[in-house]
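If you use the working numbering, the sequence shown corresponds to residues 1 to 538, in order. Heads up: the structure comes next, in structure tokens.
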Amino acid sequence: MTIDPVPVLIAVTVLGALAAVPIAARWVRVAQREHYVPGSVSRMAQLWVQTEVISLIVFLTAAASTVAALLVPFIVLGDDVTVGHIICAALTTFAVVVLAFFPVGLPVRGRSAKLAMTSRVKRLLLVWIVVHAAIGLGLLLLIGPAGVALTLLLSAPLSDLALAITAPIEKAGSKKFVVAAQKRLAQVRPRVIAITGSYGKTSTKNYVAHLLSATFTTVASPASFNNRLGLSRAVNDKLVPGTEVFVAEMGIFGPGEIRELSTYFPPDIAAITVIGEAHLQRMGSTDVIFTAKAEITERAGTVVLPIDDPRLEALAEQCAAQGKRVVTVSCLAGGAADVVLTPGADGEASTIVIGRDAEPVPVTVSNTGHAVNVAVAAAIALAADVPVATIAARLADLPGSQHRAEVQQAPSGALVIDDTYNSNPVGALRALEGAASLAAERGGPLVVVTPGMVELGPVQAERNHTFGAAIAAAGGLLFAVARTNRAALLAGYASAAAAGAPGAIPVDLRDAAVARAVEAAGDRGVILYENDLPDHYP
1 MTIDPVPVLI AVTVLGALAA VPIAARWVRV AQREHYVPGS VSRMAQLWVQ
51 TEVISLIVFL TAAASTVAAL LVPFIVLGDD VTVGHIICAA LTTFAVVVLA
101 FFPVGLPVRG RSAKLAMTSR VKRLLLVWIV VHAAIGLGLL LLIGPAGVAL
151 TLLLSAPLSD LALAITAPIE KAGSKKFVVA AQKRLAQVRP RVIAITGSYG
201 KTSTKNYVAH LLSATFTTVA SPASFNNRLG LSRAVNDKLV PGTEVFVAEM
251 GIFGPGEIRE LSTYFPPDIA AITVIGEAHL QRMGSTDVIF TAKAEITERA
301 GTVVLPIDDP RLEALAEQCA AQGKRVVTVS CLAGGAADVV LTPGADGEAS
351 TIVIGRDAEP VPVTVSNTGH AVNVAVAAAI ALAADVPVAT IAARLADLPG
401 SQHRAEVQQA PSGALVIDDT YNSNPVGALR ALEGAASLAA ERGGPLVVVT
451 PGMVELGPVQ AERNHTFGAA IAAAGGLLFA VARTNRAALL AGYASAAAAG
501 APGAIPVDLR DAAVARAVEA AGDRGVILYE NDLPDHYP
């Protein structure tokens, strides 16, 4: 007896289409959370395989079944291929069903970051379906039922292909918003202050808006609206006649983006906060990051740069040679710069000198941010011709940034330091130092809840190991959330923990860690929430 292969192919195809529903929901949600950057879906799939053993087992099992289904026609001998059809269909069916659950633990709907069915998501989903259907049909005709499983096995890179296809379409479709923003800028004609940096952009932007608002009608881009569409929306929604200054935060995903942003929103004053490791995952080295960030100076007539970094010092000299006005910043005692902020030693106030011949004035930076952010903001205000006396006076009440070292009181009485929007090594260690100091003052325990830091590329494990060790050295209790950086955090903690240390506890979900942290902190403790990862991370 022989089996008609057509019904088998139809059944496997229908099953593959059903399995594609949860697969599409997972990967399209990941794409949305990763800002629709081609390559991001494959990177997240790799992360799940590397950190979740069960996901690795599921993927390898599906891959083995798919390969076996491909080899069956060559193994089964004789004219009667009925057995071959049955085995091939069974192996393919098994692989397809298994892949419907990959990666294990990645929610279809999402908990902390649900899929928002925007117009862009709908267009991406349409292209996703077309790409998978076309490749699946081609493989089905070429290699039989196993082609369905192979298509789903390759769904992560195929999702990135869909992102690459839609990227130029989305850019062309959104051009009208950018054009409208350029027209609005031309009509209102504010001075544009552009700020970039590996970290500190948002805090510095908020400081600048505060320092300038007493002298000029100032509008700052909201939240982290720091890309092409975000800045266009900020201009279109917030710029009104009479606006004198627009403060724009500029972020990047790769070289050339800030040059493009500066074309759409040409800065009169451009500033860089710091060159760090925040973009290493995508850009490979801090030198590449520096080159990409330096693009912000190309169109600006005035440039503000912290020259304690030799690369930025050289850039300042280059800009000066090009005839630009350069306002320099230093956070070293005795630094030779236009604005010098000297952090105070223990028990001593910090001081800032605004202008080469100015007298130092006290400034508090411990609760408002990293010294360089405050200094760069003061230098921008100086470059914008805000009176020095006004700058000095307004430095006394700099605003905080939401979820960036915000200090709150928990109902239990414990102090909570919400630093969940911070994800860089320098900021994390600074927040830990502040939390440890507060815990010592209150005489209570220090508790740290963190998933660690991401997007640090080749140094990610090392930086999280260092952070875990620093928590142990500070005598803190660590709740290491999820699995992305768990091994590095726990190993780092163990390497520095003294006898009797509170310990490091792995916790799968943040909500569970928060409940345990509140209990451990009691009424006198300090809880530091350092960074947070959405649930598309393992």
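Backbone N, C-alpha and C fix where the C-beta goes; we use that ideal spot for every residue, glycine too.
Test item: CB-CB of residue i and residue j under 8 Å
i      : j      : result
Val130 : Ala19  : no
Thr93  : Val127 : no
Ala66  : Ala149 : Looking at the sequence provided, one finds Thr at residue 66 rather than Ala. The answer is yes: Cβ separation under 8 Å.
Val518 : Ala410 : yes
Val526 : Ile417 : yes
Ile87  : Val98  : no
Phe216 : Val245 : yes
Pro534 : Arg33  : yes
His536 : Gly492 : no
Leu326 : Ala316 : One point to set straight first is that residue 326 is Val, not Leu, in the sequence displayed. Closer than 8 Å, so yes.
Ser330 : Ala337 : yes
Asn236 : Ala181 : yes
Ala472 : Ala496 : yes
Ala214 : Pro222 : no
Arg516 : Gly444 : no
Ala501 : Gly475 : yes
Val339 : Ala396 : no
Thr202 : Ser224 : yes
Leu142 : Trp48  : no
Tyr199 : Ala271 : no
Arg184 : Leu125 : no
Proximity test, residue i beta-carbon vs the ligand NAD heavy atom, cut-off 7 Å
i      : result
Val514 : This structure lacks the ligand NAD; in fact it carries no ligand of any kind.
Enclosing beta strand (DSSP E) for residue i [first to last residue]
i      : result
Gln322 : Taken as a continuous stretch (DSSP letters only), Gln322 belongs to no beta strand (DSSP E), as it is neither H nor E.
Asn193 : Inspection of the sequence shows that residue 193 is occupied by Ile rather than by Asn. Where Ile193 is concerned, the enclosing beta strand (DSSP E) stretches over 191 to 196.
Ser350 : 350 to 354
Ala480 : 477 to 481
Pro241 : Where Pro241 is concerned, there is no enclosing beta strand (DSSP E), given that its DSSP letter is neither H nor E.
Ala270 : 269 to 272
Val41  : Note, Val41: premise wrong, no beta strand (DSSP E); alpha helix (DSSP H) at 40 to 51.
Asp419 : 415 to 419
Leu456 : Premise fails: Leu456 is in no beta strand (DSSP E) and is neither H nor E.
Ile505 : 504 to 507
Val340 : 339 to 342
Ile296 : Element bounds for Ile296: n/a, residue is neither H nor E.
Tyr529 : 526 to 530
Beta-carbon separation (whole angstroms), residue i vs residue j, contact threshold 8 Å
i      : j      : result
Arg483 : Pro538 : 5 Å
Glu530 : Asp357 : The Cβ separation is near 41 Å, so there is no contact.
Ser423 : Gly522 : The pair is not a contact, with the Cβ atoms about 28 Å apart (cut-off 8 Å).
Val14  : Ile54  : Val14 to Ile54, Cβ: 27 Å. No contact.
Val108 : Ala25  : 5 Å
Ala435 : Phe467 : With a Cβ gap of about 12 Å, Ala435 and Phe467 do not count as contacting.
His210 : Pro399 : 5 Å
Pro38  : Ala164 : 4 Å
Tyr264 : Val178 : 6 Å
Gly197 : Thr286 : Contact flag wrong, Cβ pair sits at about 12 Å.
Pro241 : Val188 : 6 Å
Ala375 : Pro451 : Not quite, the Cβ-Cβ distance comes to about 31 Å (not below 8 Å), so this is no contact.
Ala381 : Val247 : In fact, because the Cβ distance is near 11 Å, the residues do not count as touching under 8 Å.
Gly147 : Leu139 : 3 Å
Best match in the options for proximity to residue i [C-alpha to C-alpha]
i      : options                        : result
Asp309 : Tyr421, Ile275, Val326         : Ile275
Pro506 : Val448, Pro534, Ala521         : Val448
Pro425 : Ala513, Ala389, Ala436, Gln460 : Gln460
Phe101 : Ala435, Lys114, Lys238, Ser155 : Ser155
Leu231 : Glu244, Ala474, Leu56, Ile258  : Ile258
Arg311 : Thr328, Ala435, Ala116         : Thr328
Val12  : Phe59, Gly144, Ala64           : Gly144
Ala68  : Leu56, Ala89, Pro360, Ala172   : Ala89
Leu528 : Gly444, Ala431, Ala515         : Ala431
Glu295 : Ser350, Glu277, Arg282, Gly251 : Gly251
Lys171 : Arg228, Leu489, Val454, Ala186 : Arg228
Met453 : Ala474, Ile391, His370, Asn485 : Asn485
Arg556 : Glu277, Tyr421, Ala414         : With the chain covering 1 to 538 only, the question about residue 556 has no answer from this structure.
Ala116 : Arg29, Phe177, Gln187          : Arg29
Thr297 : Lys324, Gln281, Ser285         : Lys324
Ala186 : Thr243, Asn226, Leu124         : Thr243
Ile23  : Asp511, Leu152, Leu142         : Leu152
Asn206 : Ala62, Glu249, Val388          : Glu249
Ser119 : Ile169, Arg111, Thr61          : Ile169
Cβ of residue i within 8 Å of any chain D Cβ
i      : result
Pro502 : The chain labelled as chain D is not found in the depicted structure, where only one protein chain is given.
Start and end residues, alpha helix (DSSP H) containing residue i
i      : result
Glu433 : 425 to 442
Glu519 : 510 to 521
Val121 : 119 to 143
Ala498 : Segment: none, Ala498 is in no alpha helix (DSSP H) and carries neither H nor E.
Glu260 : 257 to 264
Leu161 : 155 to 173
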